[in-house]
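So the sequence shown is numbered by this note's numbering: it starts at 4 and just counts up by one.
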Amino acid sequence: MLETDKVFAGSIPESYDRYMVPLIFEPYAADIAQRAASLSPSAVLEIAVGSGVVTRALAPRLSSGASYVATDLNQPMIDYAASRQPRDSRIIWRQADALALPFENATFDLVCCQFGAMFFPDRSSGYREAKRVLKPGGHFLFNVWDRIEENVFADDVTNALAKMFPNDPPRFLARTPHGYHDTALIRSELEDSGFSRVVIDTRAEQSRASSPRLPAIAYCQGTVLRNEIEARDAGKLETATDYVASVIADRHGSGEVAAKIQAHVIVAVA
Ligand SMILES: C[S@@+](CC[C@H](N)C(=O)[O-])C[C@H]1O[C@@H](n2cnc3c(N)ncnc32)[C@H](O)[C@@H]1O
């Protein structure tokens, strides 16, 4: 992972929430919320909250006495998430690095994290921190994307941009969001960090959009890929988005489009 891969700031929070969240994050947020609520936790920590799609799905399902600390490395993502959340005095928004959590040992019943672990520069350090802040017997619930070939639009976007920038292809999607999918490695890093009873479930969903332009905008402008494209040629963001939209249209049609997405959902016990 490059240092810049974790910088979700500038115009990214708004584009991310508007385009990426409905395209690929909502079905997995509903899944995380359902799994989390079934554990009836009274003290929840969410890591890498992003624009808050899980928080919006999970908070209404927790008891009135529950506490919910929602954190992210990037303050602009937290500000955006907090602005979208209905008023809820149980939620505390706080900037926090998953690798150095500012909480006492054994504070939470549940730590959840949707599509954040791939951004941790050192997963084992992140897992040890999650274990440290969990009460004994508490649950760590998170998900990671499967390999890019199982996530069709992301693969299409990456291949299209490789044609446009053949000498220096923007590889953010393959390198980071889709770069941590080896379930044996995930299991062993969790067990080495002190977790037990690791269960990994591979879950396929459909990514749907009303036109091929929407996935093109979502990936090229609502993710860190935007910074990578602009670093190659600051004036080429719109051209790149148009080209990616034409490639998706060629492959999936010019009207409504749909394609497979796939992720691993992991539960481990502290
Ligand atoms: C793909 S987004 C996922 C956001 C959200 N969970 C969702 O499902 O939409 C990844 C998030 O990880 C955050 N992030 C990156 N590195 C982090 C770290 N070391 N600690 C905490 N959050 C981090 C980013 O700011 C970003 O909001």
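For every residue, glycine included, the Cβ atom is placed at its ideal position computed from N, Cα and C.
Check: Simplified DSSP state of D82, which is helix, strand or coil; Outcome: helix
Check: Proximity to L188 [Cα-Cα], best of H255, D159, D149, C223; Outcome: D149
Check: Simplified DSSP state of D112, which is helix, strand or coil; Outcome: strand
Check: CA-to-CA distance, A99 to F11, given in whole angstroms; Outcome: 14 angstroms
Check: Buried or exposed by the 16-neighbour rule on C-beta atoms within 10 Å, applied to L2; Outcome: Past the boundaries of the shown model lies residue 2; the chain is included only from 4 to 273, so the question cannot be answered.
Check: Which listed residue (L76, N77, R38, G141) has its alpha carbon closest to that of A62; Outcome: R38
Check: Cβ-Cβ separation, A219 to V260 (assumed contact under 8 angstroms), whole Å; Outcome: Rounded, the Cβ-Cβ distance is 10 angstroms, inconsistent with contact.
Check: Cβ pair Q265, L240 closer than 8 angstroms; Outcome: no
Check: beta-carbon Q117 near ligand 1 non-hydrogen atom, thresh 7 angstroms; Outcome: yes
Check: Distance, K263 Cα to E107 Cα; Outcome: 40 angstroms
Check: CA-to-CA distance, H184 to P172, given in whole angstroms; Outcome: 21 angstroms
Check: F106 Cβ short of 7 angstroms to ligand 1 heavy atom set; Outcome: no
Check: Proximity test, V52 beta-carbon vs ligand 1 heavy atom, cut-off 7 angstroms; Outcome: yes
Check: L61 CB to nearest heavy atom of ligand 1 below 7 angstroms; Outcome: no
Check: D34 CB to nearest heavy atom of ligand 1 below 7 angstroms; Outcome: no
Check: Limits of the unbroken alpha helix (DSSP H) element including T244; Outcome: 240 to 255
Check: DSSP-derived helix/strand/coil call for E208; Outcome: strand
Check: Opening and closing residue of the beta strand (DSSP E) in which I269 lies; Outcome: 260 to 272
Check: Enclosing beta strand (DSSP E) for G225 [first to last residue]; Outcome: Careful: G225 lies outside any beta strand (DSSP E) and carries neither H nor E.
Check: Any non-hydrogen atom of ligand 1 closer than 7 angstroms to A101 Cβ; Outcome: yes
Check: Opposing strand residues paired with F145 [DSSP bridges]; Outcome: C116, I269
Check: V56 vs A40 beta-carbon contact at 8 angstroms; Outcome: no
Check: Same chain, Cβ closer than 7 angstroms to H231, neighbours up to 5 away in sequence not counted; Outcome: According to the sequence as given, residue 231 is Glu; it is not His. Excluding residues within five positions, the ones whose Cβ falls inside 7 angstroms are P173, F175.
Check: Separation of I151 from A237, as counted between CA atoms; Outcome: 26 angstroms
Check: Residues near V160 in its chain [Cβ-Cβ closer than 6 angstroms; skip 5 each side]; Outcome: Y222, V247
Check: Check: D159 C-beta below 7 angstroms from any heavy atom of ligand 1; Outcome: no
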